[in-house]
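Worksheet: one structure, shown below.
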Amino acid sequence: VTEKSRFGTPTTGSRRDLRSGRQTTVAAQVPGGVHVDMSWGAPLAGSLREEYVLSADGERMAVTSCIRIGKRAADATQVYRRSGRNKSDFLASQRSSYGGMEQVLKSQEDKFGKIKY
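Each residue of the sequence shown is one higher than the one before, counting from 3 in our numbering.
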């Protein structure tokens, strides 16, 4: 799923959960970051606010999500820390730990069975 939101202007697109219908998003700047408000209708009508805020030193990004579906609501915050490694070093370390993509997919298939589409 690819989503694009505009600052201050509602944008409509496919729903993130891939159900039928459309969702509307609008982005706004907040101190140190941006928040994105999303809303959608039935089935399972609801809304989601995601706020992305960088730390002053740029080393961490906090993502706070507040979702509401009907009368139910849930909030969560995730904190991402900048890695000191470049992309190539990071990927090499993951391959040494988990093997190549083919090995990972094979181990997942062995563990959970073949995916049926």
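C-beta atoms are modelled at their ideal positions from N, C-alpha and C, and glycine is treated no differently.
Q. By a C-beta neighbour count over all protein chains shown, 10 Å radius and 16 as the cutoff for buried, is A75 buried or exposed?
A. exposed
Q | First and last residue of the uninterrupted beta strand (DSSP E) at D77 | A | 74-83
(Q) One question on the structure: do L107 and I71 come within less than 8 Å of each other, judged by their Cβ atoms? (A) no
Q: Kindly identify the DSSP beta-bridge partner or partners of S67.
A: Looking at the DSSP assignment, S67 forms a beta bridge with E52, A78.
Q | Per-residue DSSP class, three states only, for S57 | A | coil
Q. What does a CB cutoff of less than 6 Å around Q80 pick up in its chain, not counting 5 residues either side in sequence?
A. V65
Q. According to the neighbour-count rule (16 or more other Cβ atoms, all chains shown, within 10 Å of its Cβ), is S7 buried or exposed?
A. buried
(Q) Judging by CA-CA distance, which residue of G48, E53, K73 is the nearest neighbour of R18? (A) G48
Q) Does the distance from the CB of R122 to the CB of E61 come in under 8 Å? A) Lying outside 3 to 119, the shown extent of the chain, residue 122 is not represented and no answer is given.
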